[in-house]
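Visitor:
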Amino acid sequence: MVRIKICGITNAADALAAVDAGANLLGFNFYEKSARFLTQSAAAKILAQLPKNVETVGIFVNKPAADVAALCRLLRLYAAQLHGDEPPEAVAELGRSVPVIKAFRVEPDFPLKTLDEYRNVFAFLFDAAYTGQYGGTGRTTDWDVTRRAAKDHRIILAGGLKVENVAAAVRIVRPYGIDVASGVESKPGKKDHGRLREFIQEVRRGERK
0 MVRIKICGIT NAADALAAVD AGANLLGFNF YEKSARFLTQ SAAAKILAQL
50 PKNVETVGIF VNKPAADVAA LCRLLRLYAA QLHGDEPPEA VAELGRSVPV
100 IKAFRVEPDF PLKTLDEYRN VFAFLFDAAY TGQYGGTGRT TDWDVTRRAA
150 KDHRIILAGG LKVENVAAAV RIVRPYGIDV ASGVESKPGK KDHGRLREFI
200 QEVRRGERK
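Under numbering that gives the first Met the number 0, the letters of the sequence shown match residues 0 to 208, in that order.
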């Protein structure tokens with residue numbers, strides 16, 4: 000079953016709606032320049048309202064591994080998603096203490112051998128390449144590159160996914176997981192609960208094809 004991550008959660012109502020709709024993972028963004036940025040205290044208040052079995056992911060950009068590990072422990076996050084330019088050695092260090100999702104901004108000529116340089120990684124996330132931005136662009140990732148990577152690695156597909164195209168993405172790429180933020184929002188940081196439910200239904204429809 001494809002795992003579904005709803006990213007950019009900023010409030011408890013959206014978090015609970017995502018869980019109720021069938022999301023497997025919730026993403027909390029700790030990158031200060033993101034439109035979906037959460038402070039540690041704001042995240043803690045949301046997390047306190049979630050069922051114990053909900054898996055949560057912290058999103059970080061170029062933060063020291065020790066700081067990421069400390070915040071994951073404090074908030075009891077399931078995993079850390081590294082969405083910056085973190086080198087393999089920093090990723091490997093963090094991966095010894097918490098499951099790591101390493102994100103890449105992928106273009107059609109992305110060299111898949113790059114993935115072999117990273118150790119202690121739980122999964123790789125493929126997002127659309129866009130100069131100066133670390134995710135949340137709404138642009139579509141190259142599905143062909145992602146499909147080839149998914150044959151040998153746990154790949155989470157992100158970038159430009161929405162109700163209208165996610166079933167096709169699942170059918171073509173066959174990823175380990177799907178990640179969405181802007182595709183189920185009414186505005187940055189506010190989820191559209193109807194779109195969210197439709198999106199998850201479309202992921203499951205894509206699996207059946």
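Ideal Cβ placement from N, Cα and C applies to all residues, glycine included.
Computed from a prediction, not measured in an experiment: that's the story for all the values here.
By the 10 Å Cβ neighbour count, where 16 or more other Cβ atoms means buried, how is P174 classified, buried or exposed?
Guide: buried
Visitor: Go ahead and label T113 buried or exposed: buried means 16 or more other beta carbons lie within 10 angstroms of its beta carbon, across all protein chains shown.
Guide: exposed
Visitor: Relative to the C-alpha of T9, which residue among V120, Y30, A89 and I3 is closest?
Guide: Y30
Visitor: Give a yes or no on whether the C-beta atoms belonging to I210 and R203 are separated by under 8 Å.
Guide: Residue 210 lies beyond the range of the chain shown here (0 to 208); nothing can be said about it.
Visitor: Name, in chain order, the residues that DSSP records as bridge partners for G176.
Guide: R2 and I155
Visitor: Can you give me the C-alpha to C-alpha distance between I3 and G57, rounded to a whole angstrom?
Guide: 15 Å
Visitor: Hey, could you find the ends of the beta strand (DSSP E) F212 is sitting in?
Guide: With the chain covering only 0 through 208, there is no way to say anything about residue 212.
Visitor: Suppose you measure from the CA of R194 to the CA of L160; what does that come to, to the nearest Å?
Guide: 12 Å
Visitor: On the DSSP bridge assignment, give the partners of F123 in chain order.
Guide: K101 and I154
Visitor: Alpha carbon to alpha carbon, how far is L46 from L74?
Guide: 8 Å
Visitor: Taking the alpha-carbon of L70 as reference, which of Q39, T139, G94 and I155 has the nearest alpha-carbon?
Guide: For the residues Q39, T139, G94 and I155, the minimum Cα distance to L70 belongs to Q39.
Visitor: Terminal residues of the continuous alpha helix (DSSP H) containing T145?
Guide: W142 to A149
Visitor: Using 10 angstroms around the beta-carbon of S185, count the other beta-carbons present and answer buried if the total reaches 16, otherwise exposed.
Guide: exposed
Visitor: Whole angstroms is fine: what's the gap from C6's alpha carbon to V179's?
Guide: Counting only the Cα atoms, V179 lies some 6 Å from C6.
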